[in-house]
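Engineer: Numbering (full-length UniProt numbering), first residue to last: 1 to 230.
Here it is, the structure in full.
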Ligand code: FAD
Ligand code: ZN
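Quick look at the structure:
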């Protein structure tokens with residue numbers, strides 16, 4: 001559907017990487033569809049991953065003892081978060097779909113992207129207990145985790161040495177996105193791009209572009225423990 005807003009949160013240092021190419025494919029295909037696409041290129045932005053006192057502008061709520069969660073919640077209410085956070089929150093607010101594009105680092109996302117999650121999804125903006133999961137504040141949005149691995153697809157199976165790839169999606173998809181109310185589309189995984197031929201990598205890029213053509217017809221996954229661990 002034309003007019004949809006997409007935010008791509010992208011974490012790779014090298015534009016010529018496969019992650020860089022996957023990001024470019026998404027920008028191209030979604031723009032062609034008439035979507036408005038914004039990219040947060042975290043390394044290029046030198047995005048600050050650390051959750052510190054610097055995220056609060058001006059006076060602290062409690063000067064005696066620093067509690068990051070409390071301070072950013074209060075700063076969000078006052079409009080006193082640092083400008084880089086306000087900017088990312090605005091992009092999230094405007095987005096219908098969030099695409100996270102990254103290489104798998106230690107069964108998870110790179111630290112710079114984890115820092116984006118830690119700092120942007122502030123209480124009061126993205127969630128506020130008991131407003132979480134189906135009543136999280138980012139409901140009506142979609143998220144898609146698109147990533148590459150070093151390990152092969154066989155390694156990431158239930159009986160394989162690394163276990164089912166779905167085990168590692170639990171914290172990212174359920175613990176973060178679903179917690180904030182976001183519905184999750186099936187992940188897009190390019191296994192071991194460094195170990196395959198140039199031809200196979202080209203096919204990976206084509207497959208991603210192909211999937212994006214019908215993305216808006218996809219139904220979210222049933223993001224419950226069964227999907228991950230059954
Ligand atoms: P690249 O090396 O950029 O891509 C491979 C090749 O694709 C390159 O030669 C590139 O030139 C080429 N390419 C780029 N664009 C195109 C194009 N348009 N057409 C054809 N070819 C193209 N892996 C795991 O499985 N589990 C882990 O827990 C894990 N932890 C890690 C932790 C760290 C700190 C690091 C550094 C790596 C880890 N890895 C892990 C490996 C990592 O996930 C892979 O190295 C990464 O996913 C590969 O993606 P890339 O984009 O960096 O690949
Ligand atoms: Zn879930």
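Virtual Cβ for every residue (Gly too), placed ideally from N, Cα, C.
Bear in mind the structure is a predicted one, so any value in this text is a computation, not a measurement.
Would DSSP call residue 142 helix, strand or coil?
Structural biologist: For the purposes of this step, residue 142 is taken as residue 142 along the chain shown, with counting starting at 1. Residue 142 falls in the strand class under three-state DSSP.
Engineer: So the candidates are 103, 164 and 104; which of them puts its Cα closest to the Cα of residue 155?
Structural biologist: Against the chain shown, residue 155 aligns to sequence position 155. Nearest option by C-alpha distance: 164.
Engineer: Residues bridged to residue 231 by DSSP?
Structural biologist: Examination of residue 231 is not possible in this model, given that the chain is present from 1 through 230 alone.
Engineer: Hey, how far is the Cα of residue 131 from the Cα of residue 200?
Structural biologist: As a working mapping, residue 131 is identified with position 131 in the chain shown. As a working mapping, residue 200 is identified with position 200 in the chain shown. Their Cα atoms are separated by approximately 44 Å.
Engineer: Out of 139, 229, 12 and 209, which has the shortest C-alpha to C-alpha gap to residue 41?
Structural biologist: Taking the chain shown and counting its residues from 1, one reaches residue 41 at position 41. Of 139, 229, 12 and 209, the residue nearest in Cα terms is 12.
Engineer: Answer yes or no: does any C-beta atom of chain C fall closer than 9 Å to that of residue 146?
Structural biologist: Absence of chain C from the displayed structure is noted, only one protein chain being present.
Engineer: Could you give the residue range of the beta strand (DSSP E) that holds residue 101?
Structural biologist: Sequence index remark: in the chain shown, residue 101 carries index 101 (1-based). Taken as a continuous stretch (DSSP letters only), the beta strand (DSSP E) holding residue 101 covers 97 to 103.
Engineer: Ligand 2 and residue 180: does the residue's C-beta get closer than 8 Å to at least one heavy atom of that ligand?
Structural biologist: As a position in the chain shown, residue 180 is number 180, starting the count at 1. Residue 180: no, Cβ never under 8 Å from ligand 2.
Engineer: Identify every residue that forms a DSSP beta bridge with residue 7.
Structural biologist: On the chain shown, position 7 is the one that residue 7 refers to. Residue 7 is bridged to 38 and 98.
Engineer: Less than 8 Å between the CB of residue 150 and some heavy atom of ligand 1, yes or no?
Structural biologist: As a first step, residue 150 must be located in the chain shown, where it is residue number 150. Within the cutoff, so yes.
Engineer: Using the Cβ count rule (16 or more neighbours within 10 Å means buried), how would you classify residue 101?
Structural biologist: For the purposes of this step, residue 101 is taken as the residue at position 101 of the chain shown. Buried, by the Cβ-count rule.
Engineer: Thinking just about the alpha-carbon of each residue, which of 197, 43, 158 and 209 is nearest to the one in residue 146?
Structural biologist: Residue 146 sits at position 146 when you count from the first residue of the chain shown. Nearest option by C-alpha distance: 209.
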